[in-house]
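Scroll down for the structure; my scribbles are underneath it.
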Ligand code: BV8
């Protein structure tokens, strides 16, 4: 690792860390938002308006997780978690489970997880790897039609924000990997780190919207940059 001994590293990942595993990103050429409007599939209003359309959008993405594997970037971050002597906080915006499959044990999913269902009535959330439909019955409360993907939509509060800011304040190195810096509050973490005097590093395929805010930016595929950073 090319930094003079950080003691506490805060890593934020985005879709770019899973791109080489075959998971679609959002804003790249051919990305998810070039095929469908987020207002139609990734907001509570969209779910209220046309639940089956929203379920179908997430069912297709959930099914897509079956045939893919973690890539060297996920594996390098898991190695960092095992071997780094200090504190490592891994926060991901991703809703896939490739960090876990790559060996990371402590992953903070601030935008939820695609392979979990959430009951909109009782709040029960549990592993769910198959399709979800509005006809489904919640096993916890018995209600029908209340199960949705356990993901954070636009206009909804991301998870674990208090813990995230606590960890960010304790960090002495902030590393952003594979994110366009387009969505808040995640996109605001780098300026918060800068305000706190924390060293900031961007590892991304190309300069992101927020590249100018980083002390250092390295550009290239995550499967190459992340193992090189962890070594
Ligand atoms: C909130 C889960 C408030 C679902 C996601 C106006 C109207 C409404 C809202 C807003 C508004 N203005 C601002 C907002 C807030 C809004 C927002 O920021 N909107 C944006 C569009 C302006 N944010 C929210 O609504 C958030 N909630 O603010 O709540 C609140 C407060 C109190 C109480 C209640 C509520 C919630 C946002 C979460 C939305 N959910 N995902 C799903 O996945 O379907 S967002 C989704 O997009 C991701 O999770 C991620 O967060 C975000 C950005 O995606 P990235 O991961 O960055 O991916 P992207 O494709 O954009 O970029 C990929 C990058 O990787 C690129 O830079 C590329 O170069 C790079 N890359 C590609 N290949 C590689 C690579 N890098 C390395 N190697 C490679 N091989």
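In the working numbering, the protein residues as written are 94 to 324. Glycine included, C-beta positions come from ideal geometry on N, C-alpha and C. Here the structure is a predicted model, which means the values were calculated and not measured.
- By the Cβ-count criterion, residue 107 is buried, with 16 or more other Cβ atoms from all chains shown falling within 10 Å of its own Cβ.
- Judged by beta-carbon spacing, residue 218 lies within the 8 Å limit of residue 209, meaning their Cβ atoms are closer than that value.
- Where residue 267 is concerned, the enclosing beta strand (DSSP E) starts and stops at 266-270.
- One Cα belongs to residue 292, the other to residue 113, and the distance between them is close to 27 Å.
- Taking a C-beta distance under 8 Å as the contact criterion, residue 230 and residue 203 do not qualify as a contact pair.
- The DSSP-derived three-state label of residue 204 is coil.
- Contact check for residue 286 against residue 256 fails: the beta carbons are separated by 8 Å or more.
- Three or more Cβ pairs closer than 8 Å define a contact, and the segment 141-148 falls short of that threshold against the segment 188-203.
- Look at the beta carbons and you see the segment 237-244 not touching the segment 164-173: under three pairs across the two are nearer than 8 Å.
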